[in-house]
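The letter at position 145 of the sequence shown is residue 165 when you use the numbering used here, and the numbering goes up by one with no holes. A quick write-up on the structure given underneath.
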Amino acid sequence: MKLVVVAVGQRVPDWAQVAWDDYAKRFPPESKLELKAVKTEPRGSKALATLLAAERERIEAAIPKGARVVALDERGTSLTTVALAGKLKAWQLENDAVALVIGGPDGLDPEFKRAAHERIRLSDLTLPHAMVRVLLAEQLYRAWSINANHPYHRE
């Protein structure tokens, strides 16, 4: 299975890129983690709906055909790490690819969120986008490690 994180925003601090790369390389070839960064729409004086629609087009173009779409949303379902591991296992049985989508500064287009197969949240806290990428990569790796009986996760 391929895990594709589609994230609005192309630039992240070096520390975030190093952390992302570290977690991504830990995955085995059969559970590859990939990042597709899409351009943030320039803010200017554009209406919010126009900005989100433009970003939505870029996001949809980056999602692999037939992928299960999971939107990260502050109002999404809250999961424990063990519950995420269960989701990961179920996703592996259903799909060849899962796209986990991180919105831009203003979030995700409401219609995109409604059309997603599911919506999850990583935290009740507001997190910077670079931190969300790293946290998501770490939690996906931790979920993989639980399913693989790898000693990374301890309870």
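C-beta atoms are modelled at their ideal positions from N, C-alpha and C, and glycine is treated no differently.
Helix, strand or coil at residue i according to DSSP, with G and I counted as helix
i: Lys59; result: coil
i: Ser65; result: coil
i: Arg95; result: strand
i: Lys45; result: helix
i: Val102; result: helix
i: Ala168; result: coil
i: Glu175; result: coil
Residue i to residue j span [Cα, whole Å]
i: Asp177; j: Leu145; result: The first residue shown for the chain is 21 and the last is 175, placing residue 177 beyond what the model contains.
i: Thr9; j: Glu61; result: This structure does not reach residue 9, given that the chain is present from 21 up to 175, and the question cannot be answered.
i: Gln30; j: Trp164; result: 26 Å
i: Leu142; j: Arg153; result: 10 Å
i: Pro125; j: Arg162; result: 27 Å
Candidates the options: closest to residue i by CA position
i: Val58; options: Gly123, Met151, Ile140 and Ala168; result: Gly123
i: Trp40; options: His170, Ser165, His149 and Lys133; result: His149
i: Asp129; options: Glu175, Asp93 and Pro48; result: Asp93
DSSP bridge partner residues for residue i (one or two, in chain order)
i: Arg88; result: Val118
i: Val152; result: Val152 pairs with nothing; no bridge assigned.
i: Ala27; result: Ala57 and Ile122
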